[in-house]
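Only one structure is covered here, and it is reproduced in the block below.
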Amino acid sequence: MRSQPLAHPPVDQAIRERRSFRAYKDQPVPKEVVQRILDTAKHTPSSTNMQPWRVFVVMGSKKAELDQLLLKAFDERRPAAPQMSAYLTEWFEPYYTRRYECGMSLYDTLNIDKDDKAARIAQSRKNFEAFGAPVAMFFAMDDRLKDGSLFDCGMFYQSVMLAALGEGLETCPEASLISWPDLLREFFGVGEELRFLSGMALGYADYQERVNQYEIPRAPVDEFTLWVDGSN
Numbered sequence: 001m002r003s004q005p006l007a008h009p010p011v012d013q014a015i016r017e018r019r020s021f022r023a024y025k026d027q028p029v030p031k032e033v034v035q036r037i038l039d040t041a042k043h044t045p046s047s048t049n050m051q052p053w054r055v056f057v058v059m060g061s062k063k064a065e066l067d068q069l070l071l072k073a074f075d076e077r078r079p080a081a082p083q084m085s086a087y088l089t090e091w092f093e094p095y096y097t098r099r100y101e102c103g104m105s106l107y108d109t110l111n112i113d114k115d116d117k118a119a120r121i122a123q124s125r126k127n128f129e130a131f132g133a134p135v136a137m138f139f140a141m142d143d144r145l146k147d148g149s150l151f152d153c154g155m156f157y158q159s160v161m162l163a164a165l166g167e168g169l170e171t172c173p174e175a176s177l178i179s180w181p182d183l184l185r186e187f188f189g190v191g192e193e194l195r196f197l198s199g200m201a202l203g204y205a206d207y208q209e210r211v212n213q214y215e216i217p218r219a220p221v222d223e224f225t226l227w228v229d230g231s232n
């Protein structure tokens, strides 16, 4: 559990201590700070230096406007149609257990009973206003590009989160923010050639909020690694 921002952490500490924060202070993030984060992240490697990422940064009154559009879609139970999804139709191990434990840990932290449907919906609803963060970021790429560019964009996404830590900010990666790409295209004035990959909340975390005490375990290295070592 972390109770304060990291002050210019070394890379290994930043990777280990980056967490998804779900409550933020009502404190604006200066545009120049976001600019510095992106200026750092732009050095992410990409295949043949294609730099396939596109970023949309929403702040201030425009963020409030987009929040209302997304919340309205959620409240009206508009069918989600994301262009990127990690959710399976049928879950299998070890992913079922990891996902289940992740969700239960969150609700246990918030003292939300598994049968309290209203409380669960209320918590889910917060996703669509980026958990009250002053900045919402949307990541996209040209849909004509190949899957390898998804890998590049994923590295860029991580770079943004780590660079944010260096600025004393926290983030939460949010697939839910791209649930309705048509809504986003209209809001940003872009065409169908753009594929929305994920969203992200960015801001100054409220470390005292219960939801930010939520932590989940990581699998040990030997669980996901095959060692092929010819040394004696």
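Numbers 1 to 232, taken from this note's numbering, label the letters of the sequence shown in order. Glycine is no exception: its CB is placed at the ideal position from the N, C-alpha and C atoms.
In angstroms with no decimal places, state the Cα-to-Cα distance between D26 and H8. Indexing the sequence shown from 1 puts residue 26 at position 26. Indexing the sequence shown from 1 puts residue 8 at position 8. Roughly 23 Å separates the two Cα atoms.
For T171, report the span of its beta strand (DSSP E) as first-last. Position 171 of the sequence shown, counted from the start, is the residue given in the question as residue 171. Here the beta strand (DSSP E) through T171 covers E170 to E174.
For the beta strand (DSSP E) containing V135, list its first residue and its last residue. Within the sequence shown, numbered from 1, the residue matching residue 135 stands at position 135. V135 to D142 is the extent of the beta strand (DSSP E) around V135.
Which whole-angstrom value describes the C-beta separation of A136 and L66, a residue pair presumed to lie in contact below a C-beta threshold of 8 Å? The sequence position of residue 136 within the sequence shown is 136, counting from 1. The sequence position of residue 66 within the sequence shown is 66, counting from 1. With 8 Å as the limit, A136 and L66 qualify as a contact, their Cβ atoms being about 7 Å apart.
Quick test of your reading: S198 and I178, contact by CB under 8 Å. State the CB separation rounded to the nearest angstrom. Sequence index remark: in the sequence shown, residue 198 carries index 198 (1-based). Sequence index remark: in the sequence shown, residue 178 carries index 178 (1-based). Confirmed, Cβ separation roughly 6 Å.
Give the straight-line distance between the Cα atoms of A201 and V228, rounded to the nearest whole angstrom. By 1-based counting over the sequence shown, the position of residue 201 is 201. By 1-based counting over the sequence shown, the position of residue 228 is 228. Approximately 39 Å, taken between the alpha carbons.
Closest Cα partner of D152 within the set F196, P94 and T44: Working through the sequence shown from its first residue, we reach residue 152 at position 152. When only C-alpha atoms are compared, the closest one is T44.
Whole-angstrom distance between A130 and E174, CA atom to CA atom: Indexing the sequence shown from 1 puts residue 174 at position 174. Indexing the sequence shown from 1 puts residue 130 at position 130. Each residue's Cα considered, the two are about 8 Å apart.
Around the C-beta of E167, are 16 or more other C-beta atoms found within 10 angstroms, so that it is buried, or is it exposed? Reading the sequence shown from its first residue, position 167 is the one you call residue 167. The residue in question, E167, is buried, as its Cβ has 16 or more Cβ neighbours within 10 Å.
Helix, strand or coil for S159 per DSSP? Against the sequence shown, residue 159 aligns to sequence position 159. DSSP places S159 in helix when its eight states are reduced to three.
Which residue wins for smallest C-alpha separation from F164, given the options P28, T40, A23 and D12? Locating residue 164 in the sequence shown gives position 164, where the first residue counts as 1. Sequence inspection shows Ala at residue 164; the Phe mentioned does not correspond to that position. For the residues P28, T40, A23 and D12, the minimum Cα distance to A164 belongs to T40.
V55: which of I37, T48, Q68 and R78 sits nearest, CA to CA? For the purposes of this step, residue 55 is taken as residue 55 along the sequence shown, with counting starting at 1. The shortest Cα separation from V55 among I37, T48, Q68 and R78 belongs to I37.
F131 lies in the alpha helix (DSSP H); which residues open and close that run? Position 131 of the sequence shown, counted from the first residue, corresponds to residue 131. Here F131 belongs to no alpha helix (DSSP H), and DSSP marks it neither H nor E.
At what residues does the alpha helix (DSSP H) containing R78 begin and finish? Residue 78 sits at position 78 when you count from the first residue of the sequence shown. Taken as a continuous stretch (DSSP letters only), R78 belongs to no alpha helix (DSSP H), as it is neither H nor E.
Figure out for me which residue from A219, V221, P220 and N212 has the closest Cα to the Cα of P5. For the purposes of this step, residue 5 is taken as the residue at position 5 of the sequence shown. Closest by alpha carbon: N212.
Between which two residues does the beta strand (DSSP E) carrying F187 extend? Translated into positions along the sequence shown, residue 187 becomes position 187. Careful: F187 lies outside any beta strand (DSSP E), inside the alpha helix (DSSP H) at P181 to F188.
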